[in-house]
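Chains as they are written, first to last, in UniProt numbering: chain A, 1 to 197; chain B, 1 to 197. Quick reminder that beta carbons are idealized off the backbone N, C-alpha and C, glycines included. Data first, discussion second: the structure below is written as structure tokens.
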């Protein structure tokens with residue numbers, strides 16, 4: 001199973017982290033993102049969206065880190081990480097949407113601006129980041145894990161960009177419940193880190 | 001089952017549309033969004049994110065339209081609309097992420113700017129919208145439905161904001177495959193419209 005990957009991408013790290021948690025070997029195919037390999041014809045044939053990560057498992061090719069998490073959890077991870085019961089699955093899904101929307105356009109965008117020179121409004125991204133972090137911190141004041149009362153792909157999807165928020169000059173020290181949750185996640189068996197966290 | 005709803009919200013319409021397709025009765029609870037009811041203490045107790053739609057099914061309370069679609073499909077809609085097989089489920093999920101990310105921040109944001117006076121950059125939203133619409137149109141040149149070769153919640157999630165793109169001054173006439181797909185979806189039994197489409 002191949003993961004088209006960039007080591008400093010939080011979205012790629014989501015997949016590497018979860019694959020490690022469930023002990024699936026991945027063949028890492030580094031994509032030369034900085035030199036635009038993801039916009040070449042060859043890569044666009046694999047993923048017309050020109051984005052990473054991409055997972056290739058035999059004939060199956062998947063874009064979007066959240067979809068890849070669901071695929072791996074459903075096929076290899078079992079019930080624990082991606083419940084089949086409707087209300088628990090929806091509970092996890094709420095946080096997958098948070099990852100692909102609020103996290104991406106908050107802490108994720110702030111990091112793109114500060115670390116990779118994206119031309120966008122850092123103040124706006126920072127406001128979005130802190131609004132979302134406050135909501136997550138409040139949620140974690142009553143819950144050990146984001147969804148379903150156990151570690152799920154929700155945690156794997158939301159954790160990465162928060163864990164490297166400082167690279168976007170977003171200070172998360174004051175979010176004490178997030179700090180405890182991040183520490184809890186880091187203690188899970190087979191946890192791996194990424195550059196910056 | 002209660003849906004906290006706003007008639008002109010594409011996210012609420014996603015839920016109404018899908019509930020109609022699978023013939024589930026919803027008790028519609030209109031939220032006075034224009035007067036800020038979604039920011040009142042009462043509403044924030046229901047959904048701390050201060051957003052609609054919210055679905056209430058007995059003790060279960062769900063935010064996020066994509067999560068609500070998964071819940072309804074999983075609990076009431078059966079295999080057809082939300083496959084359980086890993087690769088098909090991930091295929092659908094790719095498009096749920098597209099709905100909560102690219103669609104929201106493209107055609108969705110352009111509409112918020114033009115119809116509701118959101119202060120944001122229309123040119124940037126329009127560029128994002130057309131980039132995404134081009135990718136979707138290309139995909140639909142080879143597929144009748146977005147995912148899994150059949151109508152699924154992927155179509156229900158992506159269709160609403162595209163169907164009202166004109167309200168954000170985004171012209172979708174040139175996307176011929178999208179036009180055919182929208183027409184195909186409108187022919188499904190129990191299709192319902194929303195204001196503007």
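Nearest residue (CA-CA) to residue 66(B), options 134(B), 43(B) and 18(B): It is 18(B).
Have a look at 191(A), 109(A) and 1(A) and flag the residue whose alpha-carbon is nearest the alpha-carbon of residue 59(A). For the residues 191(A), 109(A) and 1(A), the minimum Cα distance to residue 59(A) belongs to 1(A).
Measuring straight from C-alpha to C-alpha, what distance separates residue 73(A) and residue 69(B)? Roughly 20 angstroms between the two C-alpha positions.
Among the residues of its own chain, which have a CB less than 7 angstroms from the CB of residue 198(B), if the five just before and after it don't count? In this structure chain B extends from 1 to 197, so residue 198(B) is not present and cannot be described.
Is the shortest distance between the beta-carbon of residue 122(A) and the beta-carbons of chain B less than 8 angstroms? Judged by the 8 angstroms Cβ criterion, residue 122(A) is not in contact with chain B.
Who does residue 4(B) pair with in a DSSP beta bridge? Residue pairing by DSSP puts residue 4(B) in a beta bridge opposite 29(B) and 54(B).
How big is the Cα-Cα spacing for residue 147(A) and residue 168(B)? Spanning the alpha carbons of residue 147(A) and residue 168(B) requires a straight line of approximately 35 angstroms.
Apply the 10 Å Cβ neighbour rule to residue 143(B) and answer buried if 16 or more other Cβ atoms are within range, or exposed otherwise. That one is exposed.
Bridge partners of residue 15(B), per DSSP? Assignment of beta-bridge partners to residue 15(B) by DSSP yields no partner.
Mind checking whether residue 101(B) and residue 100(A) have CB atoms under 8 angstroms apart? For residue 101(B) and residue 100(A), yes; Cβs fall inside 8 angstroms.
Show which residues of chain A have a CB atom less than 9 angstroms away from the CB atom of residue 176(B). Chain order gives no chain A residues near residue 176(B), where near means a beta carbon separation below 9 angstroms; the closest approach is about 18 angstroms.
Assuming residue 22(B) contacts residue 81(B) under a Cβ cut-off of 8 angstroms, what Cβ separation, rounded to an integer in Å, is found between them? At roughly 7 angstroms, the Cβ-Cβ gap stays under 8 angstroms, so residue 22(B) and residue 81(B) are in contact.
My understanding is that residue 53(B) touches residue 15(B), with C-beta atoms under 8 angstroms, so please give their C-beta distance in whole angstroms. About 5 angstroms; that satisfies the 8 angstroms criterion.
For residue 160(A) versus residue 10(A), is the C-beta distance shorter than 8 angstroms? Yes.
If we call anything under 8 angstroms between Cβ atoms a contact, is residue 87(A) one with residue 140(A)? Not in contact: residue 87(A) and residue 140(A) (Cβ atoms no closer than 8 angstroms).
Anyone know if the C-beta pair for residue 7(A) and residue 194(A) falls short of 8 angstroms? Yes.
Can you tell me where the alpha helix (DSSP H) with residue 140(B) in it begins and where it stops? Start and end: 122–140.
Let's see if you can read the secondary structure: which residues bound the alpha helix (DSSP H) around residue 61(A)? Where residue 61(A) is concerned, there is no enclosing alpha helix (DSSP H), although the beta strand (DSSP E) around it starts and stops at 60–63.
In this structure, does DSSP put residue 104(B) in helix, strand or coil? Assigned with DSSP and collapsed to three states, residue 104(B) falls in helix.
Which residues, taken in chain order from the stretch 33–48 of chain B, show a beta carbon closer than 7 angstroms to some beta carbon of chain A? Listed in sequence order: 48.
Please confirm whether residue 211(B) has its beta-carbon closer than 8 angstroms to some beta-carbon of chain A. Only positions 1 to 197 of chain B appear in this structure, which leaves residue 211(B) out of reach.
Is DSSP giving residue 181(B) helix, strand or coil here? When DSSP states are grouped into helix, strand and coil, residue 181(B) belongs to the helix group.
Under a three-way DSSP split, which group does residue 87(B) fall into? If DSSP states are grouped into helix, strand and coil, residue 87(B) belongs with the helices.
Under 8 angstroms Cβ-Cβ, which residues of chain B neighbour residue 193(A)? Chain order gives no chain B residues near residue 193(A), where near means a beta carbon separation below 8 angstroms; the closest approach is about 25 angstroms.
Under 8 angstroms between C-beta atoms of residue 64(B) and residue 94(A): Going by C-beta atoms, residue 64(B) is nearer than 8 angstroms to residue 94(A).
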